[in-house]
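2 protein chains.
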Amino acid sequence: MSNVPFDAAKLNHVLEEAGIDAVLATSRHNVRYLTGGYYDHFHALAPRGGAGQYEAFVGIPRGRVDSAFYVGGGSEKRQLTAMPIWLPVVDVSGGPTGQSAAAAGSLLRSRVSEHATIGIEFPFTPADSFQALQRELPHVRFVDATNALHELRAIKTAEELAVLRRVADGVAESIVAAFRVGHDGVTTRDLSAVVAHQMGDRGIEFLWSFTCAGPSYLRAPSTMTWDRGQVLHLDCGGEIGDWLADICRMGCRGEPSTLARELHAECLQLQDEIRRWIRPGTPYGELAAEGEAALRRLPHAAIGRFVAHGIGMVSHEQPMIAPDSTRPLEAGMVLSVETEFLEPTVGHVKIEDVVAVTSDGYEGMGDLGRDWQIAS
Amino acid sequence: MSNVPFDAAKLNHVLEEAGIDAVLATSRHNVRYLTGGYYDHFHALAPRGGAGQYEAFVGIPRGRVDSAFYVGGGSEKRQLTAMPIWLPVVDVSGGPTGQSAAAAGSLLRSRVSEHATIGIEFPFTPADSFQALQRELPHVRFVDATNALHELRAIKTAEELAVLRRVADGVAESIVAAFRVGHDGVTTRDLSAVVAHQMGDRGIEFLWSFTCAGPSYLRAPSTMTWDRGQVLHLDCGGEIGDWLADICRMGCRGEPSTLARELHAECLQLQDEIRRWIRPGTPYGELAAEGEAALRRLPHAAIGRFVAHGIGMVSHEQPMIAPDSTRPLEAGMVLSVETEFLEPTVGHVKIEDVVAVTSDGYEGMGDLGRDWQIAS
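These protein sequence lines map, in sequence, to chains A and B. The numbering of the first sequence is my numbering, which starts it at 1 and goes up by one. The numbering of the second sequence is my numbering, which starts it at 377 and goes up by one.
As structure tokens, this is what we get:
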């Protein structure tokens with residue numbers, strides 16, 4: 001089928017590697033990924049309702065996308081007609097968790113053998129849904145498909161990269177705008193609200209903001225004020241249609257102290273140095289080791305931390321950077337790269353960037369505002 | 377314990393009625409309700425991460441709030457110190473679904489008998505979490521506590537009513553503002569974005585907007601335009617900290633037709649008539665019957681529909697208005713009241729209001745904009 005919006009050959013491969021005969025995806029992000037961007041507009045942000053919550057499924061028997069199906073609720077009928085999805089079978093007899101699972105189980109029963117191995121998303125499949133699947137498919141073996149689906153999504157398409165770039169730019173702009181509202185009495189809760197508002201202005205769903213002001217390690221938005229002379233980090237997440245960015249920038253009300261400047265400069269130095277290793281072919285373990293080595297060369301290494309992890313539809317997805325991994329980076333992978341220092345008199349100094357692996361190196365996404373953001 | 381933020385006696389009662397020895401709540405809204413407003417700020421809007429998703433628990437053995445506990449993740453430590461919750465035991469060894477469930481199961485094991493009946497939220501407890509609970513508590517009986525928790529929340533406190541009033545007002549204002557942007561070429565997707573933006577301006581989380589323009593029944597925001605002479609309904613949901621409002625208002629680009637005016641007037645007539653029955657003591661069934669009777673008296677009854685349902689932290693919660701229910705309305709209950717007509721030449725004409733039951737009658741919340749909203 002030519003209208004499949006993901007790499008069907010890769011799906012076959014990852015399912016084969018995991019020993020999975022058919023996959024039943026149900027998390028919002030994986031349903032969106034496998035349908036090619038679709039999700040019930042009513043329940044995308046409001047899953048709960050009545051005695052339970054909404055659930056959709058995409059079912060795909062391995063190697064047979066022509067037998068794939070979608071299960072949703074009756075209220076989606078018109079949306080699905082207006083915005084058709086590629087799946088050959090669209091069943092809207094579901095809706096609430098158990099009901100969707102019964103429909104999905106029944107569709108799957110005619111597509112796999114009685115003792116097949118079915119990959120579900122254990123952390124995203126509600127208990128009543130799981131019980132309904134067990135009733136419909138009493139002899140199959142259920143295994144977790146979460147990592148196989150992470151693997152499927154590891155290499156981002158040009159369209160995905162465009163969305164991720166837009167999100168990263170918008171999150172960085174929102175953070176920079178929030179620093180500007182610094183004034184006497186401003187609380188970290190106020191600042192978080194400004195970030196959320198700024199994201200909304202840019203068509204980005206606000207996800208979170210860590211707001212760490214002054215010599216405190218409290219990162220949750222609160223009634224704590226951002227006072228004159230204090231540094232502030234804003235470490236914020238936002239998304240468009242489940243594609244997210246996670247960025248941290250530093251600000252100060254007035255001039256930062258010499259020590260604060262040093263820590264921030266060391267963040268940037270490491271963040272810039274490590275980018276030279278972000279290119280196709282660098283083994284994950286080498287990236288981790290180079291990050292560690294670069295950190296150790298810094299004056300304040302003892303209170304510092306470096307980490308890199310994949311980001312896309314989930315924070316901490318492929319590439320899963322681990323010291324012992326020999327797997328190489330590939331073009332189209334996207335990383336979240338973080339350097340931070342916790343210093344008791346200054347506070348929590350941190351820079352986090354989104355960096356994509358390109359065919360010949362890297363692309364910093366949302367690089368705005370990496371320098372000090374000085375507020376009045 | 378005097379600092380319990382909910383009606384502990386009522387919880388005992390609803391658990392006893394359901395034969396539940398201890399409840400393990402895990403949905404965001406019930407965790408928030410039982411903690412008195414707390415939820416991990418990082419995961420409130422971004423539950424997924426890594427190979428799974430975040431999960432919190434509040435566990436309460438029946439009749440023993442002094443043995444209740446909270447389970448969350450390690451990153452919540454400082455937030456919980458800065459914003460302490462009433463629960464006597466706070467365990468942050470959880471985080472991901474299975475891990476939180478293992479911690480919750482272990483805490484519960486020392487608090488209930490081996491063969492106890494445990495109420496969990498089946499539609500909100502992930503499968504891996506459920507399996508971890510089964511491993512920790514191999515001999516207990518798990519039953520669904522969703523309706524018992526609905527029941528616990530049925531009567532809203534003055535604080536809850538204040539939040540619901542604020543949400544309803546803000547949702548109505550956001551809808552009215554969106555109608556004003558009517559112009560040639562405006563799409564229902566544009567209008568939905570304006571509603572979301574306006575809610576954000578008011579500190580309200582956008583949940584959904586049904587946008588039904590002209591003689592079409594497509595309610596999902598799309599590239600469909602709102603053209604001159606067409607009616608439009610905006611049926612939108614928003615929330616603050618899980619307390620939500622759901623409101624529908626009517627607009628028209630230019631003057632609505634005579635038929636459109638008639639249908640809208642009939643909506644208002646029914647919506648106003650039924651309010652006289654919204655007072656303590658009216659049996660649910662009587663409210664439903666009076667709504668049906670009022671609908672039947674209207675000229676366009678044949679294409680009309682009336683429905684009322686409870687709303688609060690969940691759309692469609694107690695009071696569950698059913699024709700055969702003799703249960704009486706009580707002060708502090710909140711209703712969503714809807715009248716609609718589907719007419720093929722006009723479109724979908726609908727008014728939906730939030731109406732609270734007060735000690736001597738009703739309070740319309742967010743009543744702004746019930747008249748025609750005329751755009752250019």
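Just so you know, even glycine gets a beta-carbon here, dropped at the ideal spot from N, CA and C.
Residue 493 of chain B: member of the beta strand (DSSP E) spanning 493 to 496, first to last residue. Measuring C-alpha to C-alpha distances from residue 455 of chain B to each of A/189, A/304, A/127 identifies A/189 as the nearest. Each of B/425, B/705, B/484, B/729 was checked against the Cα of residue 150 of chain A, and the nearest Cα belongs to B/425. Under the three-state reduction of DSSP, residue 179 of chain A is assigned to helix. Around residue 314 of chain A, the beta-carbon contacts reaching into chain B at under 8 Å are 424, 425, 426. By the rule that beta-carbons nearer than 8 Å mark a contact, residue 435 of chain B does not touch chain A. Using a Cβ-Cβ cut-off of 8 Å, residue 264 of chain A does not count as an interface residue toward chain B, since no Cβ of chain B sits closer than that to its own. Under the three-state reduction of DSSP, residue 29 of chain A is assigned to helix. A Cβ-Cβ separation of about 5 Å places residue 46 of chain A in contact with residue 584 of chain B under the 8 Å criterion.
In this structure, residue 550 of chain B lies near residue 578 of chain B, with their beta-carbon atoms less than 8 Å apart. The Cβ atoms of residue 338 of chain A and residue 352 of chain A sit closer than 8 Å to each other.
In terms of Cβ geometry, residue 519 of chain B and residue 481 of chain B do not form a close pair [threshold 8 Å]. At least one C-beta of chain B is nearer than 8 Å to the C-beta of residue 220 of chain A. Listed along the chain, the chain B residues whose CB falls inside 8 Å of the CB of residue 145 of chain A amount to none; the nearest CB is some 11 Å away. Exclusion of the five residues before and after residue 502 of chain B leaves 473 as the residues of its chain whose Cβ lies within less than 6 Å of its Cβ. In terms of Cβ geometry, residue 614 of chain B and residue 730 of chain B do not form a close pair [threshold 8 Å]. Residue state for residue 684 of chain B is assigned as strand, using DSSP reduced to three classes. The Cβ atoms of residue 61 of chain A and residue 36 of chain A do not sit closer than 8 Å to each other. Its chain contains 438, 488, 492, 493 as the residues whose beta carbon lies nearer than 6 Å to that of residue 397 of chain B, once the 5 sequence neighbours on both sides are disregarded; these appear in chain order. Judged by pairs of C-beta atoms under 8 Å, the segment 155 to 170 of chain A does not touch the segment 179 to 186 of chain A, as fewer than three such pairs exist. Annotation for residue 200 of chain A: the continuous alpha helix (DSSP H) segment containing it runs 188 to 201. Around the beta carbon of residue 254 of chain A, fewer than 16 other beta carbons sit within 10 angstroms, so the residue counts as exposed. Residues are counted here when their Cβ sits less than 7 Å from a Cβ of chain A; for the segment 400 to 421 of chain B these are 403, 405, 417, 418, 421, given in chain order.
Look at the segment 479 to 505 of chain B: the residues with a C-beta under 9 Å from a C-beta of chain A are 496, 497, 498, 499, 500, 501, 502, 503, 504, 505. Shown here, residue 419 of chain B sits in coil according to DSSP, grouped into three states, outside any helix or strand.
Among the residues of chain A, those whose CB is under 8 Å from the CB of residue 583 of chain B are 45, 46, following chain order. If you draw a straight line from the Cα of residue 247 of chain A to the Cα of residue 191 of chain A, it is about 15 Å long. For residue 727 of chain B, the enclosing beta strand (DSSP E) starts and ends at 723 to 734. By DSSP's assignment, residue 739 of chain B forms a beta bridge with B/732. Residue 373 of chain A is bridged by DSSP to A/251. Under a criterion of Cβ atoms nearer than 8 Å, no residue of chain B is adjacent to residue 284 of chain A; the nearest Cβ is some 16 Å distant. In summary, the residues of the segment 554 to 579 of chain B whose CB is separated from some CB of chain A by less than 9 Å are 568, 569, 572, 573, 575, 576, 577, 579, in the order they occur in the chain.
Per the coordinates, the alpha-carbon of residue 432 of chain B lies some 8 Å from the alpha-carbon of residue 415 of chain B.
For residue 141 of chain A, the uninterrupted beta strand (DSSP E) segment begins and ends at 141 to 144. Under the 8 Å Cβ criterion, the segment 325 to 332 of chain A does not count as touching the segment 363 to 376 of chain A, having fewer than three qualifying pairs. For residue 233 of chain A, the uninterrupted beta strand (DSSP E) run begins and ends at 231 to 240, by DSSP.
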